[in-house]
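Notes follow the structure.
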Amino acid sequence: MLQHLLELDKDLLLFFNGFHAAWLDPVMLLATKTIFWLPLYLFLTYLIFKTKKWNGIYYLLGVALCIALTDQVTSGFMKPFFARLRPSHEPSLEGLVHIVNNYRGGLYGFASGHAANTFGVAMLVYLLFRKHYAWMGLIFIWAALMSYTRIYLGVHYPGDILTGTLIGLLCGWIGFLFANKLVDRFGKAKPTSL
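Taking my numbering, the leading residue of the sequence shown gets 681, the next gets one more, and so forth.
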């Protein structure tokens, strides 16, 4: 059963990684970098303080907790524990996976820290703003695009992304609950309820 899932993961990787074009390579390489999304992060920070005033500090602490959790679970525990080679380092996929500018990432890729971080932030931000901004669900499109860049670049299997996504959603929810507890205890207003 596990072997079948691993083979399916390879097949899906080759399918999705196969949608590449020379003009798209530099775009995907740039889009996978955190710095590329800095304007979005600044905009979300602005929305947090605009909506929550000084209680926004507690929600930023929730984001920090979320990112710390996703990083520790994916990179601190899962990658060294499972030691699953990234597609870009897998000898059986040599020459089959589209690699951009020889970017290969670290040795191990299960589970995706990029997917965990972006979906974690997306979940927390969605929970925080869903009642204020009807369009906030679009934040998950950003997380999905950021995650797809990892498959496009050949540094993650779809299973790495899916697992990272689930971890991120859980950690985003935990970060949101943590921030609400801080607001409830130390803040100037009642927390946003689930």
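We put the beta carbon where it would ideally sit given N, CA and C, even for glycine. Predicted model, so just to flag it, every value in this text is computed and none were measured.
Handout entry: contact_flag[the stretch 778-786, the stretch 718-730] where n(CB pairs < 8 Å) is 3 or more
Key = no
Problem - Residues that DSSP places opposite Tyr788 in a beta bridge - result: Leu765
Problem - 8 Å Cβ cutoff met for Tyr837 and Gly789 - result: yes
Handout entry: Contacts around Leu745, its chain only, beta-carbon distance under 6 Å, and the 5 residues preceding and following it disregarded
Key = The residues are Gly855 and Phe858.
Practice task
Sort Glu687, Leu682 and Thr731 by Cα distance to Tyr813 and report the nearest one.
Solution key: Thr731
Practice task
Compute the beta-carbon to beta-carbon distance between Tyr738 and Val835, rounded to the nearest angstrom, for a pair I have assumed lies under 8 Å.
Solution key: Actually they are not in contact, since the Cβ atoms of Tyr738 and Val835 sit about 34 Å apart, beyond 8 Å.
Handout entry: Validate contact between the stretch 797-809 and the stretch 757-769 using beta carbons, cut 8 Å, 3 pairs
Key = As far as the Cβ criterion goes, the stretch 797-809 does not touch the stretch 757-769, which means the pair count is below three.
Exercise for the section: Drop a sphere of 10 angstroms on the beta-carbon of Asn782, count the other beta-carbons inside from all chains shown, and report buried for 16 or more, exposed for fewer. Expected result: exposed
Handout entry: Lys811 burial status per 10 Å Cβ neighbour count (16 or more: buried)
Key = exposed
Problem - Given Asp689 as reference, the closest of Trp734, Ile847 and Thr843 once Cα atoms are compared - result: Thr843
Exercise for the section: Could you check how far apart the C-beta atoms of Tyr832 and Asn735 are, in whole angstroms? I think they sit under 8 Å. Expected result: No, Tyr832 and Asn735 are not in contact; Cβ-Cβ is about 38 Å, not under 8 Å.
Problem - Contact under 8 Å by Cβ, Ile841 with Ser792 - result: Taking 8 Å as the Cβ cut-off, Ile841 and Ser792 qualify as a contacting pair.
Handout entry: Endpoints, alpha helix (DSSP H) assigned at Gln683
Key = Leu682 to Asn697 is the extent of the alpha helix (DSSP H) around Gln683.
Problem - Cα-Cα separation between Trp717 and Val801, rounded to whole angstroms - result: 12 Å
Exercise for the section: Can you tell me which of the three DSSP states Thr712 falls into? Expected result: coil
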